[in-house]
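One line per chain: the protein sequences are Y and D, in this order.
Numbering of the first sequence is given in the UniProt record's numbering, commencing with residue 1 and proceeding in unit increments.
Numbering of the second sequence is given in the UniProt record's numbering, commencing with residue 1 and proceeding in unit increments.
Heads up, the beta-carbon is just placed ideally off N, CA and C, and yes, glycines get one too.
2 protein chains.
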Amino acid sequence: MKSWLPIPPGSHFSLANIPFGIISTTAIPARRPAIAIGAHVLDISTFAKEGGFAKLQNFPSDKLAVFSEPTLNSFAALGRPVHRVVREYIRDVFREDTPYPEALQTNEALKKAALIPLSEVETHLPLAIGDYTDFFAGRNHAHNVGTLFRGAANALQPNYNHLPVAYHGRASSVVVSGTPLHRPVGQVLPAPGATTPVFKPSGRIDIELEIGTFICKGNALGHPIPLKQADDYIFGYVLMNDWSARDIQQWEYVPLGPFNAKNFGTTISAWVVLADALEPFRTQGLTNETELQSYLREERKDNVLDINLEVSLSTAKGNSRTITRTSSKNLLWSWPQMIAHHTISGCNLRTGDLLGSGTVSGFEEGTHGSILEQTKAGKFPVEIGGGEVRNFLADGDTVVIKGWSGSNEDGLVGFGECSGQILAAVTQV
Amino acid sequence: MKSWLPIPPGSHFSLANIPFGIISTTAIPARRPAIAIGAHVLDISTFAKEGGFAKLQNFPSDKLAVFSEPTLNSFAALGRPVHRVVREYIRDVFREDTPYPEALQTNEALKKAALIPLSEVETHLPLAIGDYTDFFAGRNHAHNVGTLFRGAANALQPNYNHLPVAYHGRASSVVVSGTPLHRPVGQVLPAPGATTPVFKPSGRIDIELEIGTFICKGNALGHPIPLKQADDYIFGYVLMNDWSARDIQQWEYVPLGPFNAKNFGTTISAWVVLADALEPFRTQGLTNETELQSYLREERKDNVLDINLEVSLSTAKGNSRTITRTSSKNLLWSWPQMIAHHTISGCNLRTGDLLGSGTVSGFEEGTHGSILEQTKAGKFPVEIGGGEVRNFLADGDTVVIKGWSGSNEDGLVGFGECSGQILAAVTQV
């Protein structure tokens, strides 16, 4: 499928994608929805106001205002069948053989107003996030980190293969790609075996390579979402970096889980790749030999997504290296299983809730989704180049996650970047 | 101080209180702010529209619309100096010797429109909650439960006296007093020592007696709130029941903390008692012999609140007993310490965030804030009366928490009730 709009080779935003986000521009500072296409965005607020959706079928006509809101929540709440017709309609608008040339292709005034170079827009959080839950479904990561924290014998807890372990994360500090974060300060143990903490900037800032899922509709409190219906609750996906202060984490996390080690910031990519766009890239996840409880039993084998993932680290001195290459298929649990488990207690999800997959790591060296695993808790530094090595992140380091599925021939379905820089601690200690 | 409005003896809502909430009525179904006074509420949306605040000084005149919103967030965001003048003005309006008789006392039409019997209003969540964080500052409870879960030797973790342990809770399932909750189903171990879970309705539904604090203003991400400024961030307090499924908790909580054991519901009382109203009831909390890090060191000794707390349990058969009497002073950490710790990493709080204290228990029998402690993990049932006993909660049980400070002579500063009933599980297993 080709577009009348030139789409640069290697663009994550092909006709096969059509991801949704929230933008602002110098000319119009109000936040509003857009889709990314090639090296441009289509401002769908302007597009909607100027009649671009006139030929859109199967869309509730009194709901066009959702495209003028400062978040995607109201659009998401319309449900997957509506996301589908809107995404397919916009794709058709951009097709070389578009049935709707007057919607944009031949409307020079609207093209000028609504088609904006990506480089000229600022992106914002795509949805207002209600609750953020972080799962722990990357079994390779769980095993590697469990070994480092508790030894190989206790690496995976007895519950790990029985249920998708998760904890409630901090929603307020989820930020969009490009937002720098200050190194947190806190309590850490000064040496192995110490029992009295010291107060200092964290010396072990790490990344966690994750996939995030936005929820499009809610369930009533007390009424779990059955696994077979769970796909209908997924709006789409983003890349996620769940930054972690490992030294703070190790001291604080028993018995109630990570707190300050995680709540200083979580970065997500700006463009939500809709669930439909990634349907062609289903594959089989990690095998679970455990007999599962009925509410977690899944018939389909292609239960996870195969998204190519890359993590690169760039230093303030300008050295840079790709430190991780892996796939999002390295998960023990599928999104429907995670949603079914989250709600089996009766917990209610809401439109805009964000779920994290847990850190995605492969089996081999060079496929680890955290620096903790790569350096064996800091013991074997990673070479970045130019003589620079890293046990953990240094001030000024920038971490960029990229993720995409598909091929250049059929059009990439990618996320763009999930990027963040670590700045020096603010607090004087 | 006396009121021209008759205030029934023993009312929690004296002139010394003036708590804020959100109501609706049959006549006006829209949610709107109100204050509770004696056996009435004053609908401050109507009061504001009809000029009741005409004599209010030191209030930003363009902000009267905050009293017509469906939550208290915008009012809270105005900050403590504004809460203070509004609360004192409303108190003065109700004083026997009010300087503003025309504001309400002598305005029969407004009294009829805005002064509504408490029994005729429905209450709702007072604020839209951003994030909900639950602390673990009740050291007696932490010690008792730690002993039951991990043995006396490991009852308190090494970090317990060094930092206010906390975890991120679930905001979506916080409900207002009076909302029934269904018993959650989930994975539990069938017997001590078992390693394979079964799937069933929880058999160990418990309460947690807590105080909740609403945050009125936020800090910027990356910029901690110093302990000395933390009081300015507190809007007010509510009673909280952090319902817990102990069997689900025990199987799931290692290593990332409680999840489904807690996320099926948390109940708060409807009326927010403003921080100022409880200032006279400061006292000293539990003594901490540990040398604290600089950011947690507190000069004032009267660092916690002395609120009388009572928990009663009523069965479906109509038997009822007060099972707990204690005080909120049984906390190791103060609210300013909790806020300073929460944000020391740079984590940002926002208006409407809810913090829980952790379960409040005294030292003696009959002062425990959870049934787990009272029954020693279900081994020694509590007698309710009429031949009924409880190891944990049964379907149909209603738990009511009451809390108040002060005396009948000076006027009680109370919360009313924090009530909830456990209904049978919905899910067929």
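{"query": "How would you list, in chain order, the residues of chain Y whose beta-carbon sits under 9 Å from the beta-carbon of D/ILE344?", "result": "PRO184, VAL185, GLY186, GLN187, PHE199, ASN260, THR427"}
{"query": "Let's see if you can read the secondary structure: which residues bound the beta strand (DSSP E) around D/VAL237?", "result": "With the sequence shown as reference, residue 237 of chain D is identified as Tyr, and Val is not the correct amino acid for it. Per DSSP, D/TYR237 belongs to the beta strand (DSSP E) from 234–241."}
{"query": "Can you list the residues of chain D that Y/VAL85 reaches, using a CB-CB cut of under 8 Å?", "result": "Residues of chain D passing the Cβ test: none, with the nearest at roughly 29 Å."}
{"query": "Note the first and the last residue of the continuous beta strand (DSSP E) segment covering Y/HIS40.", "result": "40–43"}
{"query": "Output, in chain order, the set of chain Y residues within a Cβ distance shorter than 8 Å of D/PRO336.", "result": "Under the 8 Å cutoff, chain Y gives no residues; its nearest Cβ is about 16 Å from D/PRO336."}
{"query": "Thinking just about the alpha-carbon of each residue, which of D/ARG246, D/VAL82, D/LEU296, D/MET338 is nearest to the one in D/GLU373?", "result": "D/ARG246"}
{"query": "Using a Cβ cut-off of 8 Å (strictly closer), state whether Y/ARG350 contacts chain D.", "result": "yes"}
{"query": "List, in chain order, every chain Y residue whose beta-carbon is nearer than 9 Å to that of D/GLU289.", "result": "The contacting residues do not exist; D/GLU289 stays about 13 Å from chain Y at best."}
{"query": "Residue 433 of chain D by DSSP, collapsed to three states: which one?", "result": "Outside the shown range of chain D, which is 1 to 429, sits residue 433 of chain D, and nothing can be said about it."}
{"query": "With a Cβ-Cβ cutoff of 8 Å, do D/LYS55 and D/LEU78 count as a contact?", "result": "no"}
{"query": "So that I know if they touch, is there some Cβ in chain D lying closer than 8 Å to that of Y/THR195?", "result": "yes"}
{"query": "Between the Cα of Y/ALA128 and the Cα atoms of Y/LEU393, Y/SER320, Y/ASP92, Y/GLY352, which residue gives the shortest distance?", "result": "Y/GLY352"}
{"query": "Does the beta-carbon distance from D/PRO60 to D/ILE22 come in below 8 Å?", "result": "no"}
{"query": "Quick check: what's the CA-CA separation for Y/THR195 versus Y/ALA65?", "result": "58 Å"}
{"query": "Taking the alpha-carbon of Y/LEU423 as reference, which of Y/THR398, Y/GLN187, Y/GLY406 has the nearest alpha-carbon?", "result": "Y/THR398"}
{"query": "Suppose the cutoff is 6 Å on Cβ atoms and the five residues either side in sequence are ignored; what does the same chain contact list for D/PHE235 look like?", "result": "ALA76, PHE214, CYS216"}
{"query": "Report the rounded CA-to-CA distance for D/THR359 versus Y/LEU274, giving the unit in angstroms.", "result": "42 Å"}
{"query": "In this structure, does DSSP put Y/LYS200 in helix, strand or coil?", "result": "strand"}
{"query": "Can you check DSSP and say which residues form a bridge with D/SER327?", "result": "D/ASN308"}
{"query": "What would DSSP say about Y/GLN187, mapped onto helix, strand or coil?", "result": "strand"}
{"query": "Are the CB atoms of Y/PHE149 and Y/GLY356 nearer to each other than 8 Å?", "result": "no"}
{"query": "Spell out the partners DSSP gives Y/ARG228 in its beta bridges.", "result": "The amino acid occupying residue 228 of chain Y in the given sequence is Lys; Arg does not appear at that position. According to DSSP, which records beta bridges pairwise, Y/LYS228 is partnered with nothing at all."}
{"query": "Is D/ASN308 near the ligand SAH, judged by its Cβ being under 7 Å from some heavy atom?", "result": "For the structure depicted, the ligand SAH is absent and the ligand set is empty, with no information on it obtainable."}
{"query": "Grab me the residues of D/TRP251's own chain with a C-beta within less than 7 Å of its C-beta, minus the 5 sequence neighbours each way, in chain order.", "result": "GLN187, VAL188, LEU189, PRO197"}
{"query": "Does chain A have any CB closer than 8 Å to the CB of D/GLU252?", "result": "Checking the listed chains, one finds no chain A in this structure; the protein chains it contains are Y and D."}
{"query": "Entirely within the UniProt domain \"Fumarylacetoacetase N-terminal\" (16–126) of chain Y and at least 4 residues each: give me those alpha helix (DSSP H) ranges in chain order.", "result": "44–49, 73–77, 80–94, 108–114"}
{"query": "If you drop the 5 nearest sequence neighbours on each side, which residues of the same chain put their C-beta closer than 7 Å to that of Y/ASP410?", "result": "ALA16"}
{"query": "Return the first residue and the last residue of the beta strand (DSSP E) that D/GLN421 is part of.", "result": "413–423"}
{"query": "Would you call the region 292–301 of chain D and the region 220–232 of chain D touching, i.e. three or more CB-CB distances under 8 Å?", "result": "yes"}
{"query": "Would the beta-carbon of D/GLN157 fall within 8 Å of that of Y/VAL254?", "result": "yes"}
{"query": "What did DSSP end up calling D/LEU181 once you bin it into helix, strand or coil?", "result": "strand"}
{"query": "Residues in the region 121–145 of chain Y with C-beta within 7 Å of chain D's C-beta atoms, listed in sequence order?", "result": "GLY130, ASP131, PHE136"}
{"query": "Is Y/CYS347 close to chain D, meaning its C-beta is less than 8 Å from at least one C-beta of that chain?", "result": "yes"}
{"query": "Can you pull the chain Y neighbours of D/ALA171, defined as C-beta to C-beta under 8 Å?", "result": "GLY130, ASP131, ALA171"}
{"query": "Compute the Euclidean distance between the alpha carbons of Y/VAL82 and Y/GLU210, then round it to the nearest angstrom.", "result": "27 Å"}
{"query": "For the alpha helix (DSSP H) that Y/HIS368 lies in, which residues bound it at each end?", "result": "Element bounds for Y/HIS368: n/a, residue is neither H nor E."}
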